[in-house]
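Residue numbers (this note's numbering): 444 to 773. All remarks here apply to the structure that follows.
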Ligand SMILES: [Fe+2]
């Protein structure tokens, strides 16, 4: 009994340590995904005292092994099929000696962890692993972005934008249209090509931070509470943090961070005003507002282009940069 308690306590300590590590797991560079995967795997082996394991990333229903303690561990089609249909966050196969942990964000599968142990996994192993799987999935997604996206490479940016929009039919293609409007403004302003490439990725990913906001809030039918609204307003900060303010994606992250600032300084998250707001963010703000106003939403009808244009003019110089509005409507 005493032994059980000691084991319970040390597992709990291990769990809290792993949770903290997972939340801060962040690498840059081409091997970011590999490093993150190896870390996650070693945390989970330690936590569950499993002997061997692997982490695979799933793309188009195909698994690619990213971290593994042994070459002999494989993942078969049946397991991948299970991943797509699993309602339980974690399951056991083969007499509780194999644990499969799906890495999912908003029902979208990004990977799978398989652990193997000589004794049966306990219910606590299962519960801890299930709880950590969301944070592991977030770390994997962050690493995928850092490994895959370069400025000008749109494939992954588009994919990620879709990931955010998939669960909500009303915002599907929203980012694509915001991107189109943003690039139109930038080209009329004759902004340099490199700026346009950064702007394009930022516009596609401006709402990426919403992956961290629970569905119950994002898809709520009815007014949000004060706390819920506060949480939704965190999405630009979360989005910018995914890419990091310094490094290759710093400028893109700053456009994402400030796309809800207002020209008069009454926006969020930092209450920046006028030219202190990065130009890319001011452009996205106009494109985003126009796109949102002219699209149908469950709670209101779309405005006509003329009505939306009038709204932009009415809020030019308070919410929006007047020069950007003028260029957009030219
Ligand atoms: Fe937003």
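Even for Gly, the Cβ is constructed at its ideal location relative to N, Cα and C. This structure is a prediction, so every number in the text was calculated from the model and none was measured.
Chain-ordered, the residues whose CB falls short of 7 Å from any heavy atom of ligand 1 come out as 649, 650, 678, 679, 702, 703 and 731.
Secondary structure at residue 727: helix, using DSSP grouped into helix, strand and coil.
Cβ-Cβ separation between residue 729 and residue 698: approximately 13 Å, too far for a contact (criterion under 8 Å).
Take residue 507, set aside five residues on each side of it, and the residues of its chain with a beta-carbon closer than 7 Å to its own are 499 and 500, in chain order.
For the pair residue 587 and residue 510, the Cα-to-Cα distance works out to about 14 Å. If you check the CB distance, residue 678 and residue 653 come in under 8 Å.
The alpha carbon of residue 657 has as its nearest neighbour, out of 493, 495 and 670, the alpha carbon of 670. DSSP places residue 502 in the strand class (E or B) of the three-state scheme.
Residues of the same chain with a CB within less than 7 Å of the CB of residue 767, apart from the 5 flanking positions on each side, are 628, 725, 726 and 729 in chain order. Among the bridge pairs identified by DSSP, residue 556 is matched with 498 and 544. In this structure, DSSP gives residue 747 a state outside helix and strand, which the three-state scheme calls coil.
As the crow flies, the alpha-carbon of residue 733 is around 12 Å from that of residue 739. Around the beta carbon of residue 538, a 10 Å sphere encloses fewer than 16 other beta carbons of the protein chains shown; the residue is thus reported as exposed. Linking residue 576 to residue 675 through their CA atoms gives a straight-line distance of about 23 Å. In its chain, beyond the 5 residues on either side, 752, 755 and 756 have a beta carbon closer than 8 Å to the beta carbon of residue 772. Residue 710 and residue 464 have their C-alpha atoms some 33 Å from each other. The alpha-carbon of residue 648 is positioned some 20 Å away from that of residue 672. Here residue 574 carries a helix assignment [DSSP, helix/strand/coil]. Non-local C-beta neighbours of residue 490 in its own chain, meaning closer than 8 Å and more than five positions away in sequence, comprise 454, 457, 458, 461, 568, 571, 572 and 575, ordered along the chain. Here residue 551 is bridged, per DSSP, to 548. For the pair residue 585 and residue 481, the Cα-to-Cα distance works out to about 14 Å. Exclusion of the five residues before and after residue 620 leaves 734 as the residues of its chain whose Cβ lies within less than 7 Å of its Cβ. Cβ-Cβ separation between residue 721 and residue 701: approximately 6 Å, consistent with a contact (criterion under 8 Å). With respect to the C-alpha of residue 565, the residue from 737, 548, 542 and 759 having the closest C-alpha is 542. Around residue 682, the same chain offers 651, 652 and 699 as residues with beta carbons nearer than 6 Å, after the five sequence neighbours per side are excluded. Annotated three-state conformation of residue 533 is coil, per DSSP. Looking at the backbone, the Cα of residue 513 and that of residue 582 are separated by about 23 Å. Burial is judged here by how many other beta carbons sit within 10 angstroms of a residue's own beta carbon; residue 714 has fewer than 16 and is exposed. In the DSSP secondary-structure assignment, residue 763 is bridged to 759.
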